[in-house]
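Respectively, the protein sequence lines represent chains A and B. Position in the first sequence counted from 1, then plus 37, gives you the numbering used here. Position in the second sequence counted from 1, then plus 719, gives you the numbering used here. No residue lacks a Cβ here, since even glycine has one placed at the ideal position from N, Cα and C.
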Amino acid sequence: MHTVTRNTQHAGKPRRGFAPMGELLRSLITSGPSVIWLTVLLLVPLLAVAVISFMSRGDYGETQLPFTLDNYKRLLGFGLLGFDALYPIILARSLALGIGTALACVAAGLPLAFFIARLPARFKNLALTLVVIPFWTNLLIRTYAWQILLAPEGWLARVVHAIGIGASGEALYPGTGAVAIGMICDYLPFLVLPLYASVEKLDWSLAEAAMDLGANGAKVFRHAILPQIMPGLIAGMILVFLPATGQFVIPDLLGGAKTVMLGNAIQQQFGQSRDWPFGSAIAVVALALVMFSLWIYARKSSGKGGPQLL
Amino acid sequence: MAANQSASEPFAIQAENLVRRFGETEALSRVSLNIRRGEFFSLLGPSGCGKTTLLRIIAGLDSPVEGSLKICGNDAASIPAHKRPVNTVFQSYALFPHLSVRDNVAFGLRMKRIPQAQIAERVDQTMALVQISPFADRRPAQLSGGQKQRVALARAIVNEPEVLLLDEPLGALDLKLRKELQVELSQLQRRLGITFILVTHDQEEALVMSDRIAVMNAGKIEQLDEVEKLYERPRTRFVARFLGSCNLIEATVAQIPANDFAVADAPLGELHFDAAKSSRNVGIGEKITLAIRPEKIGLLHSDAPRSRNHFPAKVEEVIYSGAETQYRLRAKELPLSACLLNASVGSHGFEIGQSALVHLPPESLIVLDD
Chain A
38 MHTVTRNTQH
48 AGKPRRGFAP
58 MGELLRSLIT
68 SGPSVIWLTV
78 LLLVPLLAVA
88 VISFMSRGDY
98 GETQLPFTLD
108 NYKRLLGFGL
118 LGFDALYPII
128 LARSLALGIG
138 TALACVAAGL
148 PLAFFIARLP
158 ARFKNLALTL
168 VVIPFWTNLL
178 IRTYAWQILL
188 APEGWLARVV
198 HAIGIGASGE
208 ALYPGTGAVA
218 IGMICDYLPF
228 LVLPLYASVE
238 KLDWSLAEAA
248 MDLGANGAKV
258 FRHAILPQIM
268 PGLIAGMILV
278 FLPATGQFVI
288 PDLLGGAKTV
298 MLGNAIQQQF
308 GQSRDWPFGS
318 AIAVVALALV
328 MFSLWIYARK
338 SSGKGGPQLL
Chain B
720 MAANQSASEP
730 FAIQAENLVR
740 RFGETEALSR
750 VSLNIRRGEF
760 FSLLGPSGCG
770 KTTLLRIIAG
780 LDSPVEGSLK
790 ICGNDAASIP
800 AHKRPVNTVF
810 QSYALFPHLS
820 VRDNVAFGLR
830 MKRIPQAQIA
840 ERVDQTMALV
850 QISPFADRRP
860 AQLSGGQKQR
870 VALARAIVNE
880 PEVLLLDEPL
890 GALDLKLRKE
900 LQVELSQLQR
910 RLGITFILVT
920 HDQEEALVMS
930 DRIAVMNAGK
940 IEQLDEVEKL
950 YERPRTRFVA
960 RFLGSCNLIE
970 ATVAQIPAND
980 FAVADAPLGE
990 LHFDAAKSSR
1000 NVGIGEKITL
1010 AIRPEKIGLL
1020 HSDAPRSRNH
1030 FPAKVEEVIY
1040 SGAETQYRLR
1050 AKELPLSACL
1060 LNASVGSHGF
1070 EIGQSALVHL
1080 PPESLIVLDD
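This is the structure we're talking about:
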């Protein structure tokens, strides 16, 4: 050991001092581009939005000082004309859309993931490809396609009426049902893929053990299956919940453009209304709400030794 | 505990003509057996012989396509797995990874909605019984193989089942631990009085622990007997070879005198055997297979006096293994293996290439059925 140190000193390059430098350089080269990318394109704009949300709108739509809390007050419903629940309702509506879509996707995706996982190996890839295929088509085209399929005199509507589910003459589109169909079809793959990965590696002997110990079907699922697929299920639900909360194209096109969602509201403020500060405030609050719900989940799950995503 | 509650039904398990097919192969073909209450019963056989299938059918995790099964006198076909008075120790242990040891053990009782206080008491008792109390709050991932095995055992017996099924429970453990647990398991069985059904491919394990053994091969029961009888009086080539090792000699029956051993013509020469102890009647002129265990064969020096069933042989291999020495011999083209206990200091004085005399005692020659 002693001679080794002396040899390196003789060589004129004290390795000990150099090694960390090399490591730093290496990590800079590898992570540098993504750090720069994130800083310039995400962090700086996000900070700008946060700052602008505290500024005021000028007479011609320009962003100007002084700093104020008015935008947030207005968002909470305390505007110039007294209390108005318009924006809290929009926020709640969007959150409800996100949560509702996530839950509906769970209801549809759970059986689907189990079905695919139990298929013979050669059909599995085919089934997964079919799940992903909608991604290859543009969202707008898919949504317009639903408009045609669900149109009042479309064949789907006639079939539904023939079976007797809906009243005759009542259109499937536009309406809440059409929005639900559109949302589920759009976000189902986000849930099915991570969930399938969990189901695929399920240890079925645990289900047999639970059965052996006196658990009936529902209890086997609750105690032996669910704990195993929880990580995939949660990951899938978050992947659906986040974008679904901000979704406004589908509610617009299939819901009849009667309801305003978070997305529309922000777009309106930055576009027609030219009120950047207020648009920024909506964006900041929406972001905060989503982060808050994720934080609550992380708190709850880390205590139980569950999956830690954040 | 609960096992001996009613003596009215002497059998814990009654299986009749059970058939189970997987595609083309028949995992069980017309298997019938009765397992007594409170006995330690083993299903022994090579992998793929159907023993695990039979166990899963008893547990209710698989169902037969034909035949009937009764558990404690009740038709099992109408009882789903979760309502059977049967618990299983799985080969992979199948412990719930997200639950602590204590919660794993309590699982079965919780499913039955037994009052909390009672659950705590029974769980503590059982954990103490199998010596896992110190790990009660650990997760399965933090346990060693032997500890997991004990948890799996506790999780099953805490429910006080009528029948405990053990699927290769010691398969994943090292030899020393396996031997310890073999003894512990048989002690535990006697103490609890629960019917134990063990599935194993390890003949020694089955011999050490069981009261009775069913040797299975290719979906059928080859022989079902008390442990000693099974070893001393195997009925088929398969049983003779699977349980310990055995020399097989093809012969033709020559004479059956009334007051003496029967005589058969074998490649070695005239071979006397005990026809009366045979499980079936043999007739003159019949071709039979005689079996003899290596340790029953006597080995003498070639100059010893010869009487009947003594044949000259050549020593081809000497394998010393501590407690005993195995000899590979050849007597007139017939390969034989003999096993001598190293009871006294030094070797027996037989070396490779040397001539010797083998003695096959007539009462140790067994007539096989096939």
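Chain-ordered neighbours of residue i on chain B, where CB pairs are closer than 7 Å
i, result
"L243 (chain A)", "A813 and F815"
"K256 (chain A)", "M830"
"A246 (chain A)", "F809 and A813"
Inter-residue spacing [alpha-carbon to alpha-carbon] between residue i and residue j
i, j, result
"L949 (chain B)", "Q868 (chain B)", "29 Å"
"D979 (chain B)", "A994 (chain B)", "9 Å"
"G742 (chain B)", "V197 (chain A)", "42 Å"
"V327 (chain A)", "A272 (chain A)", "15 Å"
"T1044 (chain B)", "L1060 (chain B)", "6 Å"
"L1055 (chain B)", "L894 (chain B)", "29 Å"
"L193 (chain A)", "G292 (chain A)", "17 Å"
"R775 (chain B)", "V229 (chain A)", "32 Å"
"L773 (chain B)", "L788 (chain B)", "10 Å"
"V72 (chain A)", "A234 (chain A)", "30 Å"
"A734 (chain B)", "S863 (chain B)", "37 Å"
"Q1073 (chain B)", "G963 (chain B)", "27 Å"
"S1063 (chain B)", "R740 (chain B)", "54 Å"
"F730 (chain B)", "C791 (chain B)", "6 Å"
"V1077 (chain B)", "A983 (chain B)", "17 Å"
"R1027 (chain B)", "H991 (chain B)", "7 Å"
"W74 (chain A)", "L80 (chain A)", "9 Å"
"Q901 (chain B)", "M928 (chain B)", "6 Å"
"A141 (chain A)", "G251 (chain A)", "31 Å"
"L885 (chain B)", "E951 (chain B)", "26 Å"
"L279 (chain A)", "I136 (chain A)", "9 Å"
"K1006 (chain B)", "A970 (chain B)", "6 Å"
"R311 (chain A)", "E99 (chain A)", "8 Å"
"V236 (chain A)", "F258 (chain A)", "12 Å"
Within chain B, the residues that residue i reaches when beta carbons sit closer than 8 Å
i, result
"A261 (chain A)", "F815"
Cβ-Cβ separation, residue j to residue i (assumed contact under 8 Å), whole Å
i, j, result
"M298 (chain A)", "F315 (chain A)", "Not really, about 16 Å apart at Cβ, beyond 8 Å."
"R1049 (chain B)", "A1032 (chain B)", "6 Å"
"R179 (chain A)", "P171 (chain A)", "6 Å"
"F1069 (chain B)", "Y1039 (chain B)", "About 11 Å separates the two Cβ atoms, so there is no contact after all."
"Y350 (chain A)", "Q184 (chain A)", "Only positions 38 to 347 of chain A appear in this structure, which leaves residue 350 (chain A) out of reach."
"I876 (chain B)", "I913 (chain B)", "7 Å"
"N736 (chain B)", "R755 (chain B)", "About 20 Å; that fails the 8 Å criterion."
"T296 (chain A)", "I221 (chain A)", "Not a contact, Cβ separation roughly 18 Å."
"A318 (chain A)", "Y109 (chain A)", "5 Å"
Environment of residue i [buried if 16+ CB atoms lie within 10 Å]
i, result
"F957 (chain B)", "buried"
"L84 (chain A)", "exposed"
"Y181 (chain A)", "exposed"
"Q906 (chain B)", "exposed"
"P148 (chain A)", "exposed"
"V870 (chain B)", "buried"
"P834 (chain B)", "exposed"
"Y124 (chain A)", "buried"
"W313 (chain A)", "buried"
"E887 (chain B)", "buried"
"N162 (chain A)", "exposed"
"E245 (chain A)", "buried"
"H1020 (chain B)", "exposed"
"F1030 (chain B)", "buried"
"P853 (chain B)", "exposed"
"D58 (chain A)", "What sits at residue 58 (chain A) in the sequence shown is Met, not Asp. Exposed."
Contact set between residue i and chain C, taken where Cβ atoms lie within less than 7 Å
i, result
"P157 (chain A)", "Absence of chain C from the displayed structure is noted, the protein chains being A and B."
Neighbouring residues, chain A, relative to residue i (Cβ below 7 Å)
i, result
"T807 (chain B)", "D249"
Bridge-paired residues (DSSP) for residue i
i, result
"A1023 (chain B)", "In DSSP, A1023 (chain B) forms no bridge with anything."
"N753 (chain B)", "B:Q733"
"M935 (chain B)", "B:I940"
"N793 (chain B)", "B:I790"
Residue i: contacting residues in chain B (beta-carbon distance under 9 Å)
i, result
"N253 (chain A)", "P799, H801, K802 and M830"
"I189 (chain A)", "Checking the sequence shown, residue 189 (chain A) turns out to be Pro, not Ile. Within chain B, no residue comes near P189 (chain A); the closest Cβ sits about 49 Å away, beyond 9 Å."
"P264 (chain A)", "F815, P816, H817 and L818"
Proximal residues of chain A, C-beta to C-beta of residue i below 9 Å
i, result
"F826 (chain B)", "A246, A247, L250, G251, A252 and H260"
"N878 (chain B)", "L250 and G251"
Listed by chain order, chain A residues near residue i by CB distance under 8 Å
i, result
"D780 (chain B)", "Before going further, note that residue 780 (chain B) is Leu rather than Asp in the sequence given. Here the neighbours are E245, M248 and D249."
Residue i beta carbon near the ligand GTP (any heavy atom closer than 7 Å)
i, result
"T914 (chain B)", "Ligands displayed in this structure: none; no statement on the ligand GTP is therefore possible."
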